[in-house]
Structure formats: structure tokens, C-alpha cells
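Those sequence lines, one after another, are chains A and B. Using the numbering used here, the letters of the first sequence correspond one by one to residues 1 to 70. Using the numbering used here, the letters of the second sequence correspond one by one to residues 71 to 426. Inspection log for the structure reproduced underneath, given as C-alpha cells.
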Amino acid sequence: MEEFLEKISEILEVESVNLSDNLEDFDEWDSLTSLSLIAMIDSDYNISVTNDDIREFKTIEDVCNFVKIS
Amino acid sequence: MRLSFKNKKITGVLSVLPENEVHFKDGINEYNFTEKQSLKLAKIMGYGTRRIASESTTVSDLCVHGLEYLFENNYLNKDEIDALILVTQSPDYFLPATSNVISGKLNLKEDLICMDINQGCAGYEVGLMQAYMLLEQPAISKVVLLNADVLSKKVSKRDRNSHPLIGDGATITVVEKSDDDENIELFMKSDGKGSESLKIPAGGFKMPSTPDTAIMNEDVSGNYRSLDNLVMKGDDVFNFVMTRVPEMMNQVYNELSINDDNLDYYLFHQPNKFMLEKLADKLGVDRSKMPNNITEIYGNGSGITVPLNICHNLGSTIKNESYDVCLGGFGVGLTWSLLVCKLGKLDFCEIINYKE
């Protein structure tokens, strides 16, 4: 879990993230960070994520649930 | 599907690029994003310069220019061409076939097969497949494969998805019968259910272009394009490439009993640098064996990126050396293909400019 949150922090260019944080609240959250997220989840977890999936994500926790990280 | 060939050889590759070069930064104000966002995009995806055809330049112009260059330099004798195959998605006309137009402009002999094929990102492998099949015939000794597109004309300047990567150009590959019996192994698959992933919705017979199809609309990511423009679902394409290409690569390794030690280069289609880096990592292939610099230097010219890759990255050595290579194409259709062969000792391997 911690490792996954670190990777998300890196993509969002922040020190750390919390499960309850809203993705929309991050300055860096845009279509490019979405792609970085798609690429990271594919390479590190071998799971395909689409932009439609990503539009359903409201919080960091939603991303974790999708990747089944707990 | 796997097709096997023998006694055929690529003997030369020429790339013909429009002289006009544009830079990523030139178009940055058109995008509905901050400059910081756009510069970050360029850095991650690997966007730089691109070659763009002028309004009046067409596929036949680029191909005729390149073929005349080959005739003038005695790299190719026009009377020896038995078939002219053109792979393009931006033909001069719906009809006649642009390959016929090219043969007419160059006054080629009548004992000639002309054929246009509608394919994009996997267009080099599809074109080579057709060339190899024709070369099985006793009457055919030399096939000229043309890959050419000027798709930049169909991409919206306000589409940050596709505009920063699109490029134009043509390549000419000469394929001949050969005495060496090295195997050529071609793997190819199609999935028409993914045909919406890369598309120009309007302009064909299903949806003719009208003033309405030219209206620009904003998508959920802030890009503007019309139905006349090319639209690419970047996430779908990314996921498709990252799943289907590794699957096929494993099939190639298994069926041919080889691994990446047996291959000198992976000369793959280059949508952008980012995707090729991720693909190399996923395949466990050293990034240096899978060149990824074509789109940032010339733009992504659809089916021409593989032959342009050969000219740009191997042009200085491939006239004397020979390599075991895996060519790869993946995209529009959806279509994906891998081709394992020996490539080398070419008679010519150059890049020339088309002056407009």
C-alpha cells in the first residue's frame, strides 16, 4: 500500500497523499497524469485502466480499490 | 496468424520527407492547456520536431519524387518493377488508386501490378506481406513497396492528443527474389471491434463531409476537433499495445524457438517515445535494441516509421552489415504484426527531402 501511494505521489508531484484526498484537488491532475497513472498500473500491476475507469475515480482510495491494493 | 516465406529480400530503403519542419513549441498556443502542462507533455512523451507536408503536397508527389531519385541514381531500373504496392490512408483520390496515378506519372511499363492497401501503423508489415506473396509468382522478380501518408492535414491543430506527434512522409522499399534461403516469419492479427480507437469519422461514404462535420467540438479532456479530423483514443491504444504486442512477442519466441538474444534490433512502429519505452520495459528488451527517436525528430508518419527507423538509425551501417531483426507494427484497425527476418547488405538506405 505504502509503495503504491508513493508512486501516486510521484505522479502527482507531491510529498505524500492520503486515501481520502480528492484527485481533482491536485494541481497536477490532468490528462497527462492520467496517462502516467495508466502506464504505472500497467507496468507495475499488469492491469489495464481506461480513461473511463479513471473518470470514475474520485479519491486516491478509489484508485487503490481498483488495483485491489489494501 | 503466421505466414512463412523464403528466398525473398529487402534490397533497399529510401525515405522521402517534406522539407518543412515544425517544432512542438510552435503549436503550443493552440492547445487548451497551460504552457507548463504542454512542456511537461513534450518531455514525457518525447515531442520535438516534425516534418509536415504543405497544403498542396500529396502522397503521389512524395512517391514520384523518391522514385525519380532512385532512377536517376541507378538504384532502381524502372523497367524492372513488376508490382507497385502503395500502403496509405491518405490517397490522392477515392479512385483511381494512387499507385496507378504514380505509375502513370512515371511512365512505368504496362506489365505491372498496381495496388493500394488501406493500412496505417502496421502498414509496413502488411505491405511486405503483399510483396512477398507476389514474389512467389514466377513472373514477378521485383516489387516496389511504397508507404506514404500526409495525415497531418486531417489532425486538428487544437488536439493535444494527436497534433504534437503527427508527421508526414513516404518510404520506398525494394523487395526482390533472393538466393539465400533465410526464413521470413510474419505474425499478424486483427481486431475490428477496436476500429473506433483510431478513426476519421467523416469524409467517406458513411458520413460525407459537410459544413456540419467541420464544426469543432471540445472533448472531455479539453481538445477541440471536428468529425472531419482524426480522433485517437490514447488510453485504448496504449492498453491495446501493452497487452497484444507482448502476447504476440511470446508467440514469436515460442514458435520460432528464439529469445531476445537472437535479435539485434526491434524495429517497431513509433507512436511516441513514451509508448516504446514502456513496451521495451514490458518485453524485457534493452531500450537500446528498440530505437524510439523517430517521432521526436520527424513525427509519427504512420506506416513509414519502421522504414524511416531503418534509414535513420541503421543507415550508416546496414549497407555493409546484416542484422537479425523483428519489425513490428500496431494500431489502426486494430491491426498488429511482428516480422522476424534478416535485414542488411542493402543497395541503398537514405533519407532525402522533398522541396515544396
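We put the CB at the ideal spot given by N, CA and C, even for glycine.
Beta-carbon proximity check, residue i vs residue j, cutoff 9 Å
| i | j | result |
| --- | --- | --- |
| residue 85 of chain B | residue 241 of chain B | yes |
| residue 259 of chain B | residue 375 of chain B | no |
| residue 152 of chain B | residue 212 of chain B | yes |
| residue 83 of chain B | residue 243 of chain B | yes |
| residue 370 of chain B | residue 293 of chain B | no |
| residue 159 of chain B | residue 296 of chain B | no |
| residue 336 of chain B | residue 312 of chain B | no |
| residue 408 of chain B | residue 257 of chain B | yes |
| residue 19 of chain A | residue 56 of chain A | no |
| residue 252 of chain B | residue 389 of chain B | no |
| residue 261 of chain B | residue 314 of chain B | yes |
| residue 31 of chain A | residue 291 of chain B | yes |
| residue 131 of chain B | residue 368 of chain B | no |
| residue 356 of chain B | residue 330 of chain B | yes |
| residue 349 of chain B | residue 316 of chain B | yes |
| residue 76 of chain A | residue 5 of chain A | Only positions 1 to 70 of chain A appear in this structure, which leaves residue 76 of chain A out of reach. |
| residue 229 of chain B | residue 299 of chain B | yes |
| residue 187 of chain B | residue 207 of chain B | no |
| residue 234 of chain B | residue 111 of chain B | yes |
| residue 92 of chain B | residue 122 of chain B | yes |
| residue 303 of chain B | residue 51 of chain A | yes |
Minimum Cβ-Cβ distance from residue i to chain B less than 9 Å
| i | result |
| --- | --- |
| residue 54 of chain A | yes |
| residue 32 of chain A | yes |
| residue 49 of chain A | yes |
| residue 42 of chain A | yes |
| residue 35 of chain A | yes |
| residue 8 of chain A | no |
| residue 38 of chain A | yes |
Chain A within 9 Å of residue i, Cβ atoms only
| i | result |
| --- | --- |
| residue 111 of chain B | yes |
| residue 303 of chain B | yes |
| residue 312 of chain B | yes |
| residue 315 of chain B | no |
| residue 226 of chain B | no |
| residue 309 of chain B | yes |
| residue 330 of chain B | no |
| residue 230 of chain B | yes |
| residue 340 of chain B | no |
| residue 261 of chain B | no |
| residue 114 of chain B | yes |
| residue 344 of chain B | yes |
| residue 437 of chain B | One cannot answer for residue 437 of chain B here, as it falls past the ends of chain B, which runs 71 to 426. |
| residue 249 of chain B | no |
| residue 95 of chain B | no |
| residue 348 of chain B | yes |
| residue 107 of chain B | yes |
| residue 400 of chain B | no |
| residue 269 of chain B | no |
| residue 412 of chain B | no |
| residue 351 of chain B | yes |
| residue 356 of chain B | no |
| residue 141 of chain B | no |
Per-residue burial, residue i [other beta carbons within 10 Å of its own, 16 or more giving buried]
| i | result |
| --- | --- |
| residue 88 of chain B | buried |
| residue 165 of chain B | exposed |
| residue 71 of chain B | exposed |
| residue 387 of chain B | exposed |
| residue 167 of chain B | buried |
| residue 104 of chain B | exposed |
| residue 362 of chain B | buried |
| residue 147 of chain B | exposed |
| residue 354 of chain B | exposed |
| residue 14 of chain A | exposed |
| residue 202 of chain B | buried |
| residue 3 of chain A | exposed |
| residue 163 of chain B | exposed |
| residue 343 of chain B | buried |
| residue 39 of chain A | buried |
Test: residue i CB closer than 9 Å to a CB of chain E
| i | result |
| --- | --- |
| residue 69 of chain A | Judged by its chain identifiers, the structure shown contains no chain E, and its protein chains are A and B. |
Residue i Cβ short of 8 Å to the ligand ZN heavy atom set
| i | result |
| --- | --- |
| residue 357 of chain B | Looking at this structure, you won't find the ligand ZN or any other ligand, since it has none at all. |
Every unbroken alpha helix (DSSP H) inside the region 187–214 of chain B [4 residues or more] | Counting only runs of 4 or more, we get 193–205.
Indicate whether the contact test is met: 3 or more Cβ pairs, each with one atom in the region 25–36 of chain A and one in the region 110–123 of chain B, closer than 8 Å.
-> Yes, since at least three Cβ pairs between the region 25–36 of chain A and the region 110–123 of chain B fall closer than 8 Å, the two stretches touch.
Do three or more CB pairs link the region 222–230 of chain B to the region 58–68 of chain A at distances below 8 Å?
-> Not touching, per the Cβ criterion.
Residue ranges of each alpha helix (DSSP H) within the region 101–128 of chain B, 4 or longer | You should have 105–115.
Please determine if the region 193–202 of chain B and the region 263–270 of chain B are in contact, where contact requires at least 3 C-beta pairs separated by less than 8 Å.
-> Counting Cβ pairs under 8 Å, fewer than three are found: no touch.
Runs of beta strand (DSSP E) lying entirely within the region 252–284 of chain B, each at least 3 residues, in chain order | Within the region 252–284 of chain B, the runs of beta strand (DSSP E) at least 3 residues long that lie entirely inside it are, in chain order, 254–260.
Would you say the region 388–402 of chain B touches the region 328–342 of chain B, given that touching needs at least three Cβ pairs under 8 Å?
-> Under the Cβ criterion (8 Å, minimum of three pairs), the region 388–402 of chain B counts as touching the region 328–342 of chain B.
Write down every uninterrupted run of the beta strand (DSSP E) in the region 39–70 of chain A whose length is 3 residues or greater and which is fully enclosed by it, in chain order.
-> For secondary structure counted as the beta strand (DSSP E) over 3 or more consecutive residues, the region 39–70 of chain A holds no complete run.
Every unbroken alpha helix (DSSP H) inside the region 352–377 of chain B [4 residues or more] = Secondary structure in the region 352–377 of chain B: the alpha helix (DSSP H) runs of 4 residues or longer, each lying completely within the stretch, are 364–368 in chain order.
Mind listing, in chain order, the continuous beta strand (DSSP E) runs of no fewer than 3 residues lying wholly within the region 124–165 of chain B?
-> DSSP runs (the beta strand (DSSP E)) wholly in the region 124–165 of chain B: 153–157.
Which ranges would you report for the beta strand (DSSP E) in the region 302–344 of chain B if only whole runs of at least 3 residues count?
-> With a minimum length of 3 residues, the continuous beta strand (DSSP E) runs that stay inside the region 302–344 of chain B are 335–338.
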